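Report on one structure; see the data block that follows.
2 protein chains.
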Amino acid sequence: MNETIEAALAANAARIEAALEAFLPKGDGYEAALHEAMRYASLGGGKRIRPFLVMETAGLFGVDEACALRVACAIELVHCYSLVHDDLPAMDDDDLRRGRPTVHKAFDEATAILAGDALLTRAFEILSQPLTHGDAGVRADLVLALAIASGAEGMCGGQMMDLAAEGQDLDIGEITRLQRLKTGALIGFAAQSGAILGKAPAHMRHTLVAFAHDLGLAFQIADDLIDVEGSAVDAGKATGKDQARGKATFVSILGVERARAQAQLLADQAARHLDMFDSKADRLRRLARWVVQRRN
Amino acid sequence: MNETIEAALAANAARIEAALEAFLPKGDGYEAALHEAMRYASLGGGKRIRPFLVMETAGLFGVDEACALRVACAIELVHCYSLVHDDLPAMDDDDLRRGRPTVHKAFDEATAILAGDALLTRAFEILSQPLTHGDAGVRADLVLALAIASGAEGMCGGQMMDLAAEGQDLDIGEITRLQRLKTGALIGFAAQSGAILGKAPAHMRHTLVAFAHDLGLAFQIADDLIDVEGSAVDAGKATGKDQARGKATFVSILGVERARAQAQLLADQAARHLDMFDSKADRLRRLARWVVQRRN
Chain A
1 MNETIEAALA
11 ANAARIEAAL
21 EAFLPKGDGY
31 EAALHEAMRY
41 ASLGGGKRIR
51 PFLVMETAGL
61 FGVDEACALR
71 VACAIELVHC
81 YSLVHDDLPA
91 MDDDDLRRGR
101 PTVHKAFDEA
111 TAILAGDALL
121 TRAFEILSQP
131 LTHGDAGVRA
141 DLVLALAIAS
151 GAEGMCGGQM
161 MDLAAEGQDL
171 DIGEITRLQR
181 LKTGALIGFA
191 AQSGAILGKA
201 PAHMRHTLVA
211 FAHDLGLAFQ
221 IADDLIDVEG
231 SAVDAGKATG
241 KDQARGKATF
251 VSILGVERAR
261 AQAQLLADQA
271 ARHLDMFDSK
281 ADRLRRLARW
291 VVQRRN
Chain B
1001 MNETIEAALA
1011 ANAARIEAAL
1021 EAFLPKGDGY
1031 EAALHEAMRY
1041 ASLGGGKRIR
1051 PFLVMETAGL
1061 FGVDEACALR
1071 VACAIELVHC
1081 YSLVHDDLPA
1091 MDDDDLRRGR
1101 PTVHKAFDEA
1111 TAILAGDALL
1121 TRAFEILSQP
1131 LTHGDAGVRA
1141 DLVLALAIAS
1151 GAEGMCGGQM
1161 MDLAAEGQDL
1171 DIGEITRLQR
1181 LKTGALIGFA
1191 AQSGAILGKA
1201 PAHMRHTLVA
1211 FAHDLGLAFQ
1221 IADDLIDVEG
1231 SAVDAGKATG
1241 KDQARGKATF
1251 VSILGVERAR
1261 AQAQLLADQA
1271 ARHLDMFDSK
1281 ADRLRRLARW
1291 VVQRRN
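Put into structure tokens, the structure is as follows:
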């Protein structure tokens, strides 16, 4: 397998794009703008890291690819909804995302709020449909794990912490907890969803969660470094915003050099969690290396 | 059974209030405001009509009350989330709800958006938990039906129509479709959830949906009449707003007298759908009568 991780991610992204297309509504009438906004928010971009984690971990357990693809799309819709709501003026107030106007800029605030709501809802619809898995117990488990990862004690809780902590002096423990909730919980669900689909033993599920936690933190620290060091052109979004807003980040607490070393350490540790899966997990190992080297 | 419908609704509301209490998070730390806002949005008021429909239809099929109560709470959380988001400045911009400041007034807009998101997510969490039903197929069916009722082709689609149709001349067909999506879909799910829990035959499920459609429209027309005729003190929210905003309603299209007659006709029709359930459905029949007589 000499394929680069960039090529694997690109092939995965193309596949996810096509599958998402089919999952999104396309109505006319007065609600047409909602459907357009849902499509705008979900299609045409993104690295599709979470879907990649689903497809790769499902591959470890020989899960039917059509089932894994549905779960991958559901998780990506949740990620996209979170970006739409986080970008709103009342939240992070961002005008640019993936090099394009954010949803509330391209449409309006009301449509953006509703599009986010409907994307989240669609994710649960996809997971609960019989095509996602023949065993209803697996479907219910997927719904439950996604709800926990994305709700008040997961992603929503993390975003609330992020807003509430603006201008506060967080310590390294607090910023780690914040990121575990805000981004780590959904990444953790993506990485364990393959194990849920494959009805893998609990210790393998836990191993994949541990992998995802280290990967997610490494990813976040790398994001913070891009925010400090990157250009808006490379990043596809405004940079330097965290500092301007007085937001504590791994970089503001640790400094650039220690943050970079910490990200590398976490990426190495993430890869080591995969030892039990031998060469089947090579693409996931490459992902862990890539996460700390990327420029956007 | 000489109990009045008001007494039955009050007893149900007290039970729902206590059950919701237990389903809502209560954290400290930076995310505490999110949890408080979720509680503020869900507790301390509301007629709890949708939970009443769940409890009563579940009773028709001898469903375990503890299971029905969980579903009733999940649906009420979705209803509460929709109110929080609909009240936002970018949407209907309401300051008052159930006689109290709306969530974005009592907290702030960001917290209101997140609280809505987290309430919706919590609903799916509750439905998918094993305690909701011993058969995972039933849990997955509940999740699927709720997602369809509340998503882009249900409640969210209806709210989008409502916003997009402001200042437009809707005809009676369009306003009926708008209300079927915006409020009818979730009421329809509430009324059929008892049949899903009880694994009732499909024709009974369809009958309860038909009941709910007529009930929901009657309820909406009565709401429009209250908006035109009621006082803010009785209604517990601002009245006269639809007209001020140029919103088409059943009353603006039909006039007060024809709207009142139509509501009564729908309520009668709703009750007739229940014939197959004999006296077990008496409370639901009383509900249909009450819906068009209430003043708030």
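First to last, the protein sequences are chains A and B.
Start counting the first sequence at 1; every next residue gets the next number (this note's numbering).
Start counting the second sequence at 1001; every next residue gets the next number (this note's numbering).
Backbone N, C-alpha and C define an ideal beta-carbon position, used for all residues, glycine too.
Predicted model, so just to flag it, every value in this text is computed and none were measured.
Report yes if the C-beta distance between residue i and residue j is below 9 Å; otherwise report no.
| i | j | result |
| --- | --- | --- |
| Leu1284 of chain B | Phe1219 of chain B | no |
| Glu1125 of chain B | Val143 of chain A | yes |
| Ile49 of chain A | Leu88 of chain A | no |
| Ala152 of chain A | Leu1034 of chain B | yes |
| Lys247 of chain A | Ala140 of chain A | no |
| Leu215 of chain A | Ala288 of chain A | yes |
| His297 of chain A | Gln159 of chain A | Since the displayed chain A opens at 1 and closes at 296, residue 297 of chain A lies outside it and no answer follows. |
| Leu186 of chain A | Gly154 of chain A | yes |
| Gly1059 of chain B | Gly1194 of chain B | yes |
| Thr384 of chain A | Leu208 of chain A | There is no way to answer for residue 384 of chain A, as the model of chain A reaches only from 1 to 296. |
| Gly1099 of chain B | Gly1045 of chain B | yes |
| Leu119 of chain A | Cys80 of chain A | yes |
| Asp223 of chain A | Ser252 of chain A | no |
| Ala147 of chain A | Gly188 of chain A | no |
| Leu1077 of chain B | Leu1020 of chain B | yes |
| Ile108 of chain A | Thr102 of chain A | It should be noted that the sequence gives Asp, not Ile, for residue 108 of chain A. No; because the gap between Cβ atoms is not below 9 Å, this pair is not in contact. |
| Leu83 of chain A | Ile16 of chain A | no |
| Val138 of chain A | Ile226 of chain A | no |
| Ala267 of chain A | Leu274 of chain A | no |
| Met55 of chain A | Ala66 of chain A | no |
Tell me the DSSP secondary structure of residue i in three-state form.
| i | result |
| --- | --- |
| Leu1096 of chain B | strand |
| Thr1207 of chain B | helix |
| Glu1166 of chain B | coil |
| Met161 of chain A | helix |
| Met1091 of chain B | coil |
| Asp1028 of chain B | coil |
| His1133 of chain B | coil |
| Ala1191 of chain B | helix |
| Glu153 of chain A | coil |
| Ala200 of chain A | coil |
| Gly46 of chain A | coil |
| Gly216 of chain A | helix |
For residue i, which beta-bridge partners are listed by DSSP?
| i | result |
| --- | --- |
| Pro1101 of chain B | B:Leu1096 |
Need the endpoints of the alpha helix (DSSP H) that residue i sits in, please.
| i | result |
| --- | --- |
| Asp1040 of chain B | It is worth fixing the name first, because residue 1040 of chain B is Tyr in this sequence and not Asp. Where Tyr1040 of chain B is concerned, the enclosing alpha helix (DSSP H) stretches over Ala1032 to Ser1042. |
| Val256 of chain A | Val256 to Arg272 |
| Arg289 of chain A | Asp282 to Val291 |
| Leu120 of chain A | Glu109 to Ser128 |
| Pro51 of chain A | Ile49 to Leu60 |
| Ser82 of chain A | Glu65 to Asp86 |
| Phe1023 of chain B | Ile1005 to Phe1023 |
| Gly1173 of chain B | Ile1172 to Gln1179 |
| Gly246 of chain A | It is not in any alpha helix (DSSP H) - Gly246 of chain A carries neither H nor E in the DSSP assignment. |
| Gly184 of chain A | It is not in any alpha helix (DSSP H) - Gly184 of chain A carries neither H nor E in the DSSP assignment. |
| Asp141 of chain A | Ala136 to Ser150 |
Using a beta-carbon distance cut-off of less than 9 Å, what residues from the stretch 112 to 129 of chain A approach chain B?
-> Answer set for the stretch 112 to 129 of chain A: Ala112, Ile113, Leu114, Ala115, Gly116, Asp117, Ala118, Leu119, Leu120, Thr121, Arg122, Ala123, Phe124, Glu125, Ile126, Leu127, Ser128 and Gln129.
Scan the stretch 13 to 28 of chain A for residues whose Cβ lies nearer than 9 Å to a Cβ of chain B and list them as they occur along the chain.
-> So the close ones are Leu24, Pro25 and Gly27.
Quick one, which residues of the stretch 1041 to 1066 of chain B are near chain A if we go by CB-CB under 8 Å, in chain order?
-> Answer set for the stretch 1041 to 1066 of chain B: empty.
Going along the stretch 156 to 186 of chain A in order, which residues come within less than 9 Å of chain B, judged by CB to CB distance?
-> Flagged, chain order: Cys156, Gly157, Gly158, Gln159, Met160, Met161, Asp162, Leu163, Ala164, Ala165, Gln168, Leu170, Glu174, Arg177, Leu178 and Leu181.
What residues in the stretch 1185 to 1204 of chain B have a beta carbon less than 9 Å from any beta carbon of chain A?
-> Going along the stretch 1185 to 1204 of chain B in chain order, one finds no residue with a Cβ nearer than 9 Å to chain A.
Given a limit of 7 Å on CB to CB distance, which residues of the stretch 139 to 152 of chain A reach chain B?
-> Result list: Arg139, Ala140, Val143, Leu144, Ala147, Ile148, Ser150, Gly151 and Ala152.
Could you please tell me which residues of the stretch 1068 to 1090 of chain B, in chain order, have their CB closer than 7 Å to any CB of chain A?
-> Going along the stretch 1068 to 1090 of chain B in chain order, one finds His1085, Leu1088 and Ala1090 with a Cβ nearer than 7 Å to chain A.
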